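Structure, as structure tokens:
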Amino acid sequence: MRSGGARRTAVAMVALGSLMTALSACGGPSGRGADAAASDPADDGAGRSSATTADPTRIPGVGDRLQRRIPADSRQVVTVYGDGEDSADSTVVLYTKQGSGWHRARSWAAHNGTKGWTTDHHENDKRSPVGVFTLSDAGGVLPDPDPAPGTGLPYTRSAAFAAPRWWDKSYWHDFDYVIAIDYNRVEGTPPNDPTRPEGASKGGGIWLHMDHGSGTSACVSLPKPAMEYLLRTLDPDRHPVAVMGDRAHLKV
């Protein structure tokens, strides 16, 4: 069972139709390997870094429009820097707030939608949505990796997260760990809950999940150690959010 802000571990099965709805944003070909080096998020795309002049009270590479959407009480930001509007390659950086300043904690090479990014996401467009989204729920096939249950995101363990075995074998472990990105979903429910408040046409089931070495249908995928680190580190009391998009849209 899941309740309040405390972590709960549950084992539950859901109907196949609901599972496929929840998984519809994930999987797909393209992209670089998950072990590629993470790039500098402050790089302007032409090899120039603004890291030495960055304002520590702001997330690097993020312009006023999205910066203003980061909740004032948020102290953890998972920033996804897409390489380009039509690229499946990205870099994920976890920033933590100490006092009034943001500090880079970890970074990883990652993947996003096979066709890149969009500010108007729709079901099956193969693009990840640009924006700022809360991170409130997690789950997966594997047990919660957090050694201190009750301190992190509510976690639902379920065999229902397993990728269908008719998918390519390289995708079978994609959902061993997932963190729901709160795009067109009901917060406080398991990541694979199929409810879409804005309607099915706006897509949903968009997660942080394990990487298979190429682009997804809209999710953001990371190496297993990255997912384990985030699941051990993200704390509801610190109001974590994802800030995500290609570098050009992020800077607006």
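Numbered as in numbering that gives the first Met the number 0, the sequence shown ends at 251 without a single skipped number. For every residue, glycine included, the Cβ atom is placed at its ideal position computed from N, Cα and C. These numbers were taken from a predicted model, which means no experiment stands behind them.
DSSP, read as helix, strand or coil, puts K168 in helix. Per DSSP, R67 lies in no beta strand (DSSP E) segment and is marked neither H nor E. By the Cβ test, the stretch 189-205 is not in contact with the stretch 88-105, since fewer than three Cβ pairs between them sit closer than 8 Å.
Between F132 and Y176 the beta-carbon gap is near 18 Å, outside 8 Å, which marks them as no contact. Straight-line measurement puts the Cα of R68 at about 24 Å from the Cα of M226. Between G202 and E122, the C-beta gap is smaller than 7 Å, which places the two residues in contact.
One thing to note: P55 has its Cβ no nearer than 7 Å to the Cβ of G98. Note on G149: under 16 other CB atoms within 10 angstroms of its CB, so exposed under the neighbour-count rule. The continuous stretches of alpha helix (DSSP H) do not include L134, and DSSP gives it neither H nor E.
For A179, the enclosing beta strand (DSSP E) begins and ends at 177-179.
Comparing alpha-carbon positions, the option among Y154, S135, L134, D136 lying closest to P142 turns out to be Y154. As the crow flies, the alpha-carbon of H102 is around 30 Å from that of V185.
The Cβ atoms of F174 and G139 lie closer than 7 Å to each other. Rounded to whole angstroms, A53 and G83 show a C-alpha spacing of 22 Å. Residue state for R156 is assigned as strand, using DSSP reduced to three classes.
Under the DSSP assignment, Y94 falls in the beta strand (DSSP E) whose first and last residues are 88-97.
Residue pairing by DSSP places S73 in no beta bridge whatsoever.
Residue pairing by DSSP places V129 opposite no residue, since no beta bridge is assigned to it. S135 sits buried, since 16 or more C-beta atoms from the chains shown fall within 10 Å of its C-beta.
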